[in-house]
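Asker: Have a look at this one before I ask anything.
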Amino acid sequence: MAIHGPFEEEANISRVVLSRFMPEDDLFTSLKRIARDHAIERGVIISAIGSVKNVVFVNVRPHTGIPVKTEDMIEIEEAGPFELLSLEGNFFPSQEDGEPVIHLHAILGTSSGAVIGGHLLKATVFTTAEVVLGSVVGSSVYKAKSDVTKRMELLKR
Amino acid sequence: MAIHGPFEEEANISRVVLSRFMPEDDLFTSLKRIARDHAIERGVIISAIGSVKNVVFVNVRPHTGIPVKTEDMIEIEEAGPFELLSLEGNFFPSQEDGEPVIHLHAILGTSSGAVIGGHLLKATVFTTAEVVLGSVVGSSVYKAKSDVTKRMELLKR
Amino acid sequence: MAIHGPFEEEANISRVVLSRFMPEDDLFTSLKRIARDHAIERGVIISAIGSVKNVVFVNVRPHTGIPVKTEDMIEIEEAGPFELLSLEGNFFPSQEDGEPVIHLHAILGTSSGAVIGGHLLKATVFTTAEVVLGSVVGSSVYKAKSDVTKRMELLKR
Numbered sequence: 011m012a013i014h015g016p017f018e019e020e021a022n023i024s025r026v027v028l029s030r031f032m033p034e035d036d037l038f039t040s041l042k043r044i045a046r047d048h049a050i051e052r053g054v055i056i057s058a059i060g061s062v063k064n065v066v067f068v069n070v071r072p073h074t075g076i077p078v079k080t081e082d083m084i085e086i087e088e089a090g091p092f093e094l095l096s097l098e099g100n101f102f103p104s105q106e107d108g109e110p111v112i113h114l115h116a117i118l119g120t121s122s123g124a125v126i127g128g129h130l131l132k133a134t135v136f137t138t139a140e141v142v143l144g145s146v147v148g149s150s151v152y153k154a155k156s157d158v159t160k161r162m163e164l165l166k167r
Numbered sequence: 011m012a013i014h015g016p017f018e019e020e021a022n023i024s025r026v027v028l029s030r031f032m033p034e035d036d037l038f039t040s041l042k043r044i045a046r047d048h049a050i051e052r053g054v055i056i057s058a059i060g061s062v063k064n065v066v067f068v069n070v071r072p073h074t075g076i077p078v079k080t081e082d083m084i085e086i087e088e089a090g091p092f093e094l095l096s097l098e099g100n101f102f103p104s105q106e107d108g109e110p111v112i113h114l115h116a117i118l119g120t121s122s123g124a125v126i127g128g129h130l131l132k133a134t135v136f137t138t139a140e141v142v143l144g145s146v147v148g149s150s151v152y153k154a155k156s157d158v159t160k161r162m163e164l165l166k167r
Numbered sequence: 011m012a013i014h015g016p017f018e019e020e021a022n023i024s025r026v027v028l029s030r031f032m033p034e035d036d037l038f039t040s041l042k043r044i045a046r047d048h049a050i051e052r053g054v055i056i057s058a059i060g061s062v063k064n065v066v067f068v069n070v071r072p073h074t075g076i077p078v079k080t081e082d083m084i085e086i087e088e089a090g091p092f093e094l095l096s097l098e099g100n101f102f103p104s105q106e107d108g109e110p111v112i113h114l115h116a117i118l119g120t121s122s123g124a125v126i127g128g129h130l131l132k133a134t135v136f137t138t139a140e141v142v143l144g145s146v147v148g149s150s151v152y153k154a155k156s157d158v159t160k161r162m163e164l165l166k167r
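Protein sequences appear in the order of chains A, B and C.
All the letters of the first sequence, read from the start, carry residue numbers 11 to 167 under the working numbering.
All the letters of the second sequence, read from the start, carry residue numbers 11 to 167 under the working numbering.
All the letters of the third sequence, read from the start, carry residue numbers 11 to 167 under the working numbering.
Spelled out as structure tokens, the structure:
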């Protein structure tokens, strides 16, 4: 059982990988490939802009409490395409198998000028994605499912 | 009296502090604690995602001019919880007493998929907040109240 | 003719320029000046908050395909002022003449708490803009018009 608590640790962003993704690329698959090819065990998105389509994201229902249940999350699916206005997030190795657990939040511009977004589950590149990924070194944290919130969360062993 | 003007200076982000905040943590208090514990005098948010509740933020009324008056700002209070889609901002020491002045802008996802946000005054962590804070070294700027805009602004002595 | 493809390259953000822009400053002009004054050939926005007015941005119409045509883009012009909640983007030299091609996506808070934004074409600083610009070294990519998408895109020679 993962006992989660607060932590803080000093680390460095020793290098970045600058990449350009192509139309039809899956955003999550592309990030995993970059991580593997450049031996980035822990990463943080420094910057990412471009455009995406076929997007799936979730948000929390009002008045949801902890633990968050599946029915507290609302899944939204949108064909787009949309300008990718902001992509924030990180990946850390799963405590279980060491595979990168990617946690992304996306903000998308619509044709009315209004903006939509949420915790991202899926996105396909429309025209391009220009991504600057930072390699976090000196960190020893993992991702594991929290018994309190029932979500994958950062855990320091 | 603070005479404000434009400036530009070269600096370095020498290290980062990676932290995880817990449910019920106050976002501003937590950032101040991190700054103090790790002796970060000047900091910038590199990345932050998670979820928040009991949020208060302000935006400017249309057609507002300079100086910005209190009645030009609209305060919005929302219980949430919300996905924290983006948190941008920084802190610099107050010219008056050296205490960190935190300036944050937040963007939040709602259950409809629409997005809200503004200049953040208050937020409580809902499930988690994963924050990468950069320590800015080589800078000599402060925060002081501008006589022109009547807001706390960056000032180079 | 520019043949565009995916690429990924390792680079470093060796230093940052911290700057404060003044009321009435043009955002694009100010960024170009910073790049020139500090000899930053390739740059990425690490953080930027403040407020802006007289903003022009574009978004893509739903169901747009590739190549993107002029009529697929919707231009939105707003007087504001608005809190600048997020500014993401980068600049790289044009393959044609070496001049910086600035690519910015902005997210703006409105007085209702709703958020608007898109691919930014123009913005004037309202009260202030606090910008942390990272200098990307070790990169060899350029910007050139893609024959596929008809947009300025990153290109590795």
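Virtual Cβ for every residue (Gly too), placed ideally from N, Cα, C.
No experiment lies behind these values; they were computed from the predicted model shown.
Please classify B/T39 as buried or exposed, where buried requires at least 16 neighbouring CB atoms within 10 angstroms.
Answerer: exposed
Asker: Can you have a look at B/F77 and say buried or exposed, based on whether 16 or more other CB atoms are within 10 angstroms of its CB?
Answerer: According to the sequence provided, residue 77 of chain B is Pro. The question's Phe does not apply to it. B/P77 comes out exposed.
Asker: Give me the residue from C/S29, C/T120, C/N64 with the minimum Cα distance to C/I56.
Answerer: Among C/S29, C/T120, C/N64, the Cα nearest to that of C/I56 is on C/S29.
Asker: Would you verify that the beta carbon of A/R52 is, or is not, closer than 8 Å to some beta carbon of chain C?
Answerer: no
Asker: How long is the line joining the alpha carbons of A/T137 and A/S145, rounded to whole angstroms?
Answerer: 26 Å
Asker: Figure out for me which residue from B/A139, B/R167, B/E163 has the closest Cα to the Cα of A/H14.
Answerer: B/A139
Asker: When the cut-off is 8 Å and only beta carbons count, does A/A21 lie next to chain B?
Answerer: yes
Asker: Going residue by residue through the segment 61-90 of chain A, where are the continuous alpha helix (DSSP H) segments of at least 4 residues, counting only ones entirely within it?
Answerer: none
Asker: With DSSP collapsed to three states, give me the class of B/S156.
Answerer: coil
Asker: Less than 8 Å between the C-beta atoms of A/I117 and A/S96, yes or no?
Answerer: yes
Asker: Opposite C/K132 in the DSSP bridges: which residues?
Answerer: C/V66
Asker: So, are the CB atoms of A/V26 and C/N22 less than 8 Å apart?
Answerer: yes
Asker: Would C/R167 pass as an interface residue toward chain B - the criterion being a Cβ-Cβ separation below 8 Å?
Answerer: no
Asker: Going by CA-CA distance only, name the one from C/V158, C/V54, C/P33, C/E88 that's closest to A/V141.
Answerer: C/V54
Asker: Use the C-beta contact count for C/T74: other C-beta atoms within 10 angstroms, 16 or more gives buried, fewer gives exposed.
Answerer: Burial check for C/T74: the Cβ neighbour count within 10 Å reaches 16 or more, so the residue is buried.
Asker: Should the segment 60-68 of chain C be called in touch with the segment 41-48 of chain C, which here means at least 3 C-beta pairs below 8 Å?
Answerer: no
Asker: Give the single residue among C/F92, C/A58, C/F67 whose Cα lies nearest to the Cα of C/E98.
Answerer: C/E98 has its Cα closest to that of C/A58, out of C/F92, C/A58, C/F67.
Asker: Looking at the C-beta of A/L94, does it have a partner C-beta in chain B at a distance below 8 Å?
Answerer: By this cut-off, A/L94 is not an interface position.
Asker: Which same chain residues end up closer than 7 Å to A/G119 when comparing Cβ atoms and leaving out the 5 residues on each side of it in sequence?
Answerer: F92, E93, L95, V125
Asker: Name the DSSP bridge partner or partners of A/S29?
Answerer: Residue pairing by DSSP puts A/S29 in a beta bridge opposite A/V141, C/E18.
Asker: Between which residues of its own chain and B/F128 is the CB-CB distance below 8 Å, once the five residues before and five after are set aside?
Answerer: Sequence check: residue 128 of chain B is Gly here, not Phe. Excluding residues within five positions, the ones whose Cβ falls inside 8 Å are F67, V68, N69, I86, H115, A116.
Asker: Can you look up C/D36 in the DSSP assignment and give me helix, strand or coil?
Answerer: strand
Asker: Excluding the 5 residues preceding and the 5 following A/M11 in the sequence, name in chain order all residues of the same chain whose CB lies nearer than 7 Å to its CB.
Answerer: Its pLDDT being 46, under 50, A/M11 is placed unreliably in this model, and the value from its coordinates should be taken loosely. Cβ neighbours of A/M11 beyond the five flanking positions: D157.
Asker: Tell me whether the beta-carbon of B/E20 lies closer than 8 Å to the beta-carbon of B/K166.
Answerer: At the C-beta level, B/E20 and B/K166 stay beyond 8 Å of one another.
Asker: Does any residue of chain C bring its CB to less than 8 Å from the CB of B/N64?
Answerer: no
Asker: Quick one: Cα of C/K160 to Cα of C/K79, how far?
Answerer: 8 Å
Asker: Which class does A/I59 belong to by DSSP, given the choice of helix, strand or coil?
Answerer: Of the three classes helix, strand and coil, the one that applies to A/I59 here is strand, per DSSP.
Asker: Within the present structure, is the beta-carbon of B/S150 separated from the nearest heavy atom of the ligand ADP by less than 7 Å?
Answerer: The ligand content of the structure shown is nil, which means the ligand ADP is not present either.
Asker: Does any C-beta atom of chain B lie closer than 8 Å to the C-beta of C/G108?
Answerer: no
Asker: I'd like to check one pair, C/P16 with A/F31: are the Cβ atoms closer than 8 Å?
Answerer: Yes, these two residues count as a Cβ contact at 8 Å.
Asker: In terms of residues, what are the limits of the beta strand (DSSP E) holding C/A116?
Answerer: 110-119
Asker: Whose CA, out of B/M162, B/V147, B/K155, lies closest to the CA of B/S24?
Answerer: With distances taken between Cα atoms, B/S24 lies closest to B/V147.
Asker: In angstroms, rounded to a whole number, what distance separates the CA positions of C/E81 and C/S104?
Answerer: 25 Å
Asker: Span of the beta strand (DSSP E) holding B/E98?
Answerer: 92-103
Asker: Please report the straight-line C-alpha distance between A/A133 and A/E106, rounded to a whole angstrom.
Answerer: 26 Å
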